[in-house]
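Since the structure comes first, as structure tokens, the remarks are kept for the end.
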Amino acid sequence: MSPLRPRPCRRRPLALAATVFLSLAFASRGQSLLDKVDDALFLQSRNGSVRSDLSGLLDLEGYYIDQRPPGMIFGNGDEFFNPRLSLFLDTRLGPHLYSLVQARVDRGFDPRSRVRSARFDEYLLRWTPFEDSRLHLQAGKFATVFGAWVPRHDSWNNPFINAPLPYEHMTTVNDAATVASGQGLVNRRAIADNKPAWLPVLWGPAYTTGGSMFGQLGGFDYAFELKNAAPSSRPMQWDAHDRGFDHTTVAGRLGWRPNAAWNLGASVSEGAYLDQRTVTPAGTSAGDFRQTVIGQDISYARHGWQVWAEVIASRFEVPNVGNADSLAYFVEAKRKLGANHFAAVRWNQMVFDKVPTPAGPQPWDNDVWRVDTAFGWRLSRHVQGKLQYSFSHQKGTSQQGEQLLAAQVTLRF
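With positions in the sequence shown counted from 1, the corresponding number in our numbering is that position plus 29.
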């Protein structure tokens, strides 16, 4: 590092937190206005059989990073501001048809992945043939059914500002270019995350395109889907016009609720993960190389406590290498502190198996662990604030965003 380069000011994290929570205090004064807006954003037919409701989340986020940003945060280190507006249009057409459209305006699906961006993240049509919830059929672009974190991934329900490690940690697997051997894959451990080219095990909620069927039968729930892309695929491949259905992905989850406190589930996903234009070894195609993901989840809620845990095993079939296996898990706990406050902590860890190299089998990526802590303040049904500190460490000489301080204000309407 050049001695002439200025060191980041250590007062900036405090200024970041102060700025965001001052915004929270000012936003809390507009409760009556938010109530009026919330009550007015709907259209309904005279007989009430057709109704559309518009709702939204306005997120104001600030980040401070001590080095290269971790996970799904793009760009360089230091601090930055990340606004996001999410709009949801829910429409019910009689007792059996439902549609949802989610539009977002931000700096890219992941923070700083674009200078500015406006797009439709979700659009779906759902048919419920019966009067109960035993069966729903759905088509469009929507979140994956894999795992149990996705249903609570939005800023209002997630106790943290970022995702658990398995849903955002960049591995050295590339979907657009191949390596000559296992050594080429191993060599990537020593360089910084190449986020435009590499993949995580699961890319957040994975709003891929396709169809699904899901429902509840007593204490059991089920969900199955057929999609155009793997859960590790990047957002630019989620739309059907960007990636067709030549190589589909199948996923499913089975859940069991033995009582009101417990929820247990098992998930699986299998499909091609390479970009369809990727040049593969002679006699093969992009569809021959698959990603298989298996997961187990469990959650518990009682009084002021909520606990979630997931274990996720993944296998990428990598051209010229073979199987690149990994195992990741996280355990997350949230505790209410009175009526308006909460605290949360999350432990994440990910380990990588070995691949063959001329020097013998070696791990294909660096093992990593991370601890996340968060404090939240919910002023009303419209305004919420969060402050998060995370510390992570990777095995090896290269670190990727060891310390992260983030703050977030969310306005819901």
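Cβ atoms here follow ideal geometry from the backbone N, Cα and C, with glycine treated the same way.
Spatial neighbours of residue i in its chain, beta-carbon cut-off 7 angstroms, leaving aside the 5 residues before and after
i: R143; result: R136 and G137
i: V179; result: A172, T173 and P234
i: A248; result: Residue identity check: residue 248 is Gly in the sequence provided, not Ala. Result list for G248: W285, R286 and P287, in chain order.
i: F274; result: N257
i: W227; result: M199, T200, T201, V202 and N203
i: Y329; result: A290, W291 and V336
i: W376; result: F359, V360 and V400
i: N352; result: R344 and E346
Cβ-based neighbour list, residue i, same chain, cut-off 6 angstroms, excluding 5 preceding and 5 following
i: Q245; result: S162
i: Q428; result: none
i: F175; result: P260, A280, S296 and S298
i: Q450; result: In the structure displayed, the chain extends from 30 to 442; residue 450 sits before or after that span and is not available.
i: S31; result: Residue confidence is low: S31 scores 36 on pLDDT, short of 50, so the model does not pin down where it sits. Its coordinate-derived value is still stated next. Taken in chain order, the list of residues that qualify is empty.
i: G316; result: H276 and A301
i: V476; result: There is no way to answer for residue 476, as the model of the chain reaches only from 30 to 442.
i: Q335; result: K363
i: M242; result: L166 and F253
i: A221; result: R97
i: R282; result: V174, A252, G294 and S296
i: R141; result: F103 and G104
i: Q73; result: R80
Expected contact under 8 angstroms - CB spacing of residue i and residue j to nearest Å
i: H198; j: M379; result: 6 angstroms
i: W185; j: L83; result: Wrong, their Cβ atoms sit about 16 angstroms apart, outside the cutoff.
i: L528; j: S261; result: Absent from the structure is residue 528, since the part of the chain shown begins at 30 and ends at 442.
i: Q445; j: V397; result: The structure shown does not extend to residue 445, since the chain is modelled only from 30 to 442, so the question has no answer here.
i: G211; j: P385; result: 5 angstroms
i: D204; j: T307; result: 7 angstroms
i: F71; j: L194; result: At roughly 39 angstroms, the Cβ-Cβ gap does not stay under 8 angstroms, so F71 and L194 are not in contact.
i: V438; j: V347; result: That pair is no contact at about 42 angstroms.
i: E339; j: A177; result: 6 angstroms
Residue i to residue j span [Cα, whole Å]
i: D326; j: A436; result: 28 angstroms
i: G312; j: T278; result: 22 angstroms
i: F149; j: R263; result: 15 angstroms
i: R319; j: T207; result: 14 angstroms
i: L153; j: P188; result: 27 angstroms
i: H165; j: S128; result: 12 angstroms
i: F420; j: G100; result: 12 angstroms
i: G430; j: L122; result: 47 angstroms
i: D67; j: P112; result: 21 angstroms
i: I323; j: P310; result: 27 angstroms
i: P225; j: V79; result: 43 angstroms
i: H370; j: H411; result: 14 angstroms
i: F442; j: F110; result: 22 angstroms
i: D119; j: L126; result: 11 angstroms
i: K365; j: A372; result: 7 angstroms
i: Q305; j: D64; result: 48 angstroms
i: F409; j: K415; result: Correcting the residue type first, residue 409 is Ser in the shown sequence and not Phe. Each residue's alpha carbon lies about 14 angstroms from the other.
i: G104; j: A168; result: 34 angstroms
i: D271; j: M265; result: 7 angstroms
i: A209; j: V350; result: 8 angstroms
i: S314; j: F345; result: 15 angstroms
i: N76; j: T237; result: 35 angstroms
i: S61; j: D88; result: 19 angstroms
i: G240; j: G91; result: 36 angstroms
i: V400; j: S81; result: 41 angstroms
i: L440; j: Q413; result: 7 angstroms
i: G333; j: W406; result: 15 angstroms
i: G367; j: F404; result: 13 angstroms
i: R39; j: I102; result: Residue placement at R39 is flagged as unreliable, the pLDDT there being 45, under the threshold of 50; the coordinate-derived value follows with that caveat. Looking at the two C-alpha atoms, the distance is approximately 21 angstroms.
i: A147; j: T157; result: 31 angstroms
i: A289; j: D95; result: 42 angstroms
i: V134; j: P387; result: 48 angstroms
i: L116; j: W393; result: 40 angstroms
i: E160; j: P124; result: 8 angstroms
i: D354; j: A69; result: 51 angstroms
In DSSP terms, what residue i is bridged to
i: F371; result: K365 and G405
i: L356; result: A342 and V380
i: W398; result: Q378 and H422
i: Y93; result: E108 and L434
i: T439; result: D88 and Q413
i: F171; result: T237
i: P392; result: K383
i: V79; result: L122
i: F71; result: D82
Spatial neighbours of residue i in its chain, beta-carbon cut-off 8 angstroms, leaving aside the 5 residues before and after
i: T426; result: A219
i: G389; result: none
>> List, from N- to C-terminal side, the beta strand (DSSP E) runs of 3 residues or more that fit wholly inside the segment 107-167.
In response: 107-122, 126-135 and 146-156
> What are the start and end residues of each continuous alpha helix (DSSP H) run of 4 or more residues lying completely inside the segment 196-269, in chain order?
Replying inline: Taking only runs of at least 4 residues, the alpha helix (DSSP H) segments lying wholly in the segment 196-269 are 211-216.
> In chain order, which beta strand (DSSP E) runs of at least 3 residues are fully inside the segment 275-351?
Replying inline: 278-285, 291-301, 319-331 and 334-347
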